[in-house]
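Here's the structure, in structure tokens; my notes come after.
There are 4 protein chains.
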Amino acid sequence: MNLRPLAAASALACAFAVLAAPAHAHNHAAAAGGGARVVSTAITEAEVLAAQRAWGDALVAIATAHEREGAAAARRLAEQVIDAAYGYQFGAVLFKPTLTVAPQTFRTTRAGALAYFVGGDPNFPNDSGFALNGWRSVAIQNAAIFIAGDVASTMGNVTLTDRNGRATTVDKTWKFKKDDHGRLRIVVHHSSLPHAPR
Amino acid sequence: MNLRPLAAASALACAFAVLAAPAHAHNHAAAAGGGARVVSTAITEAEVLAAQRAWGDALVAIATAHEREGAAAARRLAEQVIDAAYGYQFGAVLFKPTLTVAPQTFRTTRAGALAYFVGGDPNFPNDSGFALNGWRSVAIQNAAIFIAGDVASTMGNVTLTDRNGRATTVDKTWKFKKDDHGRLRIVVHHSSLPHAPR
Amino acid sequence: MNLRPLAAASALACAFAVLAAPAHAHNHAAAAGGGARVVSTAITEAEVLAAQRAWGDALVAIATAHEREGAAAARRLAEQVIDAAYGYQFGAVLFKPTLTVAPQTFRTTRAGALAYFVGGDPNFPNDSGFALNGWRSVAIQNAAIFIAGDVASTMGNVTLTDRNGRATTVDKTWKFKKDDHGRLRIVVHHSSLPHAPR
Amino acid sequence: MNLRPLAAASALACAFAVLAAPAHAHNHAAAAGGGARVVSTAITEAEVLAAQRAWGDALVAIATAHEREGAAAARRLAEQVIDAAYGYQFGAVLFKPTLTVAPQTFRTTRAGALAYFVGGDPNFPNDSGFALNGWRSVAIQNAAIFIAGDVASTMGNVTLTDRNGRATTVDKTWKFKKDDHGRLRIVVHHSSLPHAPR
């Protein structure tokens, strides 16, 4: 069976559906606030966990699109993921991917993030496309979460498993910010391989 | 039966117990974050409603202490309430009480708030002590609540009923900020009598 | 001389130009952060004062458009002002205008705000259009400002002067929130006539 | 010359003096807000850079105290630094030091941080004391800074140089939160050696 681009896009839409919950849900306070309209930009733990899962699902979706649809489809999907899940439109994202090296370690621009995920950008010659490595599943184990109002940081291990069953575990820090539409966006992302003492 | 000061203080402690929930409760995330420690400074709707009720209970407690224990006890209690429920230690509170007039309309200092609640301060000669008017109950009807991360604003009607059953309804706006200990503190308080067109 | 609608709109654009400064200005840190890109959603005192002035200028612009262009032009301008300067798109605004009465005291919806400013809405039969009263100038005297990160509250007196030189002073509380584009939007607005003891 | 413990403590006090600026400085707005009291919990870029420098100065101070005063003095100083500059009192800090390994990679508790800096804790047997490596200077090169109201994140390179002139550069992410007293505290700290492709 062959997934068509539309299907791949649908998978992505599904992965990010969880991020689409509007910030201005109209809750109804029972006791003192019967009927009061409630707007909240505060982030809940459930929203944080959903945003993490959406990132993992998106990575797998890009890898899958690459295998089934080719490089162009993977690139389109990666662009959608970056535009939906990262906060480059705020002006910059503090992104230190796992495998980048100086002088291009930090990818504060959208172009730098896209190059890391799918490669093919002559301005980032060391990038071969991290998302194209046949990822099949992503497991997240948080050590701690710090929610500071409308931003939330997480730190812990993320384990990526490829189609050959090979697992890679990284130490990862994310910070999410809730945007005006109630969606969590990644504004800080620091990923590193575990320290290996000699 | 006569409530002693200690009992009055206990009533107050009870009224504010709800505010004492620490911000750094150690929740345990089940799904993705099994065992993750979660710190949150975000404010929930339930915390907002509890802080409003605590304000009402405190007003009744001051009125009651005044009748049963006298002016000194009421003053001590009012100081405790201000120190526990307002944010004067942040540098200023934006407080426009219901009945103040120019040039002392705005009570941005602790002394101005205390004078408004219990009077007796020669620097605020128009203040006779709003909290000493025999209040017996406080009902809060929110029109809307806006939670912006670690601060939350409410707007609506507050109806105060005194020992003779006479009710006074005011239009009231509050803004609460969660402090480092997880307690909500009033940093904005604008109260006004309903507009009476001639 | 007669101002055409376009000119009135230009006046408004001018009034709000100050709000259009993007949040993601790329500052350049000298010392430790040479060349670092800086994104900030924090609000400065200068931004607060500019947003207050823009509100006053907009009120005068609506009054002026009404006199020169008529009701329809004033209404169009009021809609632009509400959409540019208030935060109804977040889900609700906590708005208690100076002259509203129960059961329509609180204008948590855009329609309620528009009716207050320009009248003409059968759903708000008591509204005659507050912005249409010939306002010529607005002076703001803050008692205190509380900036809590990306939201900021102000409290103080606002004095409106009409074309006959008659001044009206109100007690006013605003809360502004910086949106994703770096503009301050009013999310709380409580205005009341000074208390008049009998 | 021999620095006594008191002198070392003074050096630390100096290093952190920059953090002691109260949040509730009473600014005086000139234009519209003449005389208005201004409270702000927003973080400025200058405060971020100062907090980073204070961290570097503190690391050097601990290393110096260790050489001149011994292990006990270094430990006391490290405790003061952690209590003054980190946010463990909020409930947890998301701290991934440069050299830790599983299953003790993440140091979400004060004890785990202290063990990393000065070692000597049987519960953290792999820790030999990172701060005791003869550090003489710390240089910080930010790639980007994201200030989200009363929290601020930085990402970039930090270069530590020891008494033999040997430099170590790490990729580092910090998140600072302004506490109720106006001091920036580290609530996220992810440090990693640069990726070394084989």
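The listed protein sequences correspond, in order, to chains A, B, C and D. Position one of the first sequence corresponds to residue 13 (this note's numbering), numbered consecutively onward. Position one of the second sequence corresponds to residue 13 (this note's numbering), numbered consecutively onward. Position one of the third sequence corresponds to residue 13 (this note's numbering), numbered consecutively onward. Position one of the fourth sequence corresponds to residue 13 (this note's numbering), numbered consecutively onward. Note that CB positions come from ideal geometry on N, CA and C, so glycine has one too.
- With a threshold of 8 Å between beta carbons, residue 49/C makes contact with chain D.
- Close to residue 53/A, with beta-carbon spacing below 8 Å, are these residues of chain B in chain order: 159, 160 and 161.
- Within chain B, the residues whose beta carbon sits less than 8 Å from that of residue 168/C are 118, listed in sequence order.
- Minimum Cα-Cα distance from residue 51/C among the listed residues 168/D, 189/D and 160/D corresponds to 160/D.
- For residue 136/B, no Cβ of chain D is located within less than 8 Å of the residue's own Cβ.
- Separation of residue 128/D and residue 154/D (C-alpha to C-alpha, rounded to the nearest whole angstrom) is 24 Å.
- Here the alpha carbon of residue 141/B sits roughly 4 Å from the alpha carbon of residue 131/B.
- Close partners of residue 90/C in chain A (Cβ separation under 8 Å) are lacking, with about 22 Å as the shortest Cβ gap.
- With a contact defined as Cβ atoms closer than 8 Å, residue 197/C and residue 97/C qualify at about 7 Å.
- For residue 148/B, no alpha helix (DSSP H) segment is defined; the enclosing uninterrupted segment is the beta strand (DSSP E) at 147–160.
- Contact annotation, residue 48/D with residue 156/C: C-beta distance approximately 6 Å; criterion of less than 8 Å satisfied.
- The segment 79–87 of chain B makes no contact with the segment 103–123 of chain B; the number of CB pairs closer than 8 Å stays below 3.
- Per DSSP, reduced to three states, the secondary structure at residue 55/C is coil, with no helix or strand assignment.
- Rounded to the nearest whole angstrom, the C-alpha separation of residue 114/C and residue 204/B is 13 Å.
- Neighbourhood of residue 155/C in chain D, by CB distance below 8 Å: 48 and 49, in chain order.
- Straight-line measurement puts the Cα of residue 185/D at about 14 Å from the Cα of residue 68/D.
- When the beta-carbon positions are compared, residue 147/D and residue 89/D stay at least 8 Å from each other.
- Ranked by Cα distance from residue 58/B, the options 119/B, 99/B and 195/B are led by 195/B.
- Shown here for residue 143/B: same chain residues with a beta carbon closer than 8 Å to its own, the five before and five after excluded, namely 71, 74, 75, 78, 86, 90, 129 and 130 in chain order.
- In the three-state DSSP reduction, residue 69/D falls in the helix class (H, G or I).
- For residue 129/D, the uninterrupted alpha helix (DSSP H) segment begins and ends at 122–130.
- CA-to-CA, the gap between residue 167/B and residue 200/B works out to about 11 Å.
- Contact annotation: residue 108/B and residue 117/B have beta-carbon atoms nearer than 8 Å.
- Going by DSSP, residue 93/D is part of no beta strand (DSSP E) but of the alpha helix (DSSP H) stretching over 83–97.
- If you draw a 10 Å sphere on the C-beta of residue 119/D, you find 16 or more other C-beta atoms in it, and that means buried.
- Look at residue 57/D: its C-beta is under 8 Å from a C-beta on chain C.
- Judged by DSSP in its simplified three-state form, residue 105/C adopts coil rather than helix or strand.
- A straight line joining the alpha-carbon of residue 64/D with that of residue 165/D spans about 11 Å.
- For residue 165/C, the residues of chain B that pass the 9 Å Cβ criterion are 106, 163, 165, 187, 199 and 200, in the order they occur in the chain.
- Secondary structure of residue 63/B (DSSP, three-state): helix.
- With a threshold of 16 other beta carbon atoms within 10 Å, residue 177/A falls short and is exposed.
- Judged by DSSP in its simplified three-state form, residue 142/D adopts helix.
- Where residue 201/C is concerned, the enclosing beta strand (DSSP E) starts and stops at 196–204.
- Put simply, the backbone Cα of residue 54/C is about 15 Å away from that of residue 190/A.
- Partner residues in the beta bridge of residue 172/C, as assigned by DSSP, are 150/C and 180/C.
- When only Cα atoms are considered, residue 123/D and residue 137/D end up about 13 Å apart.
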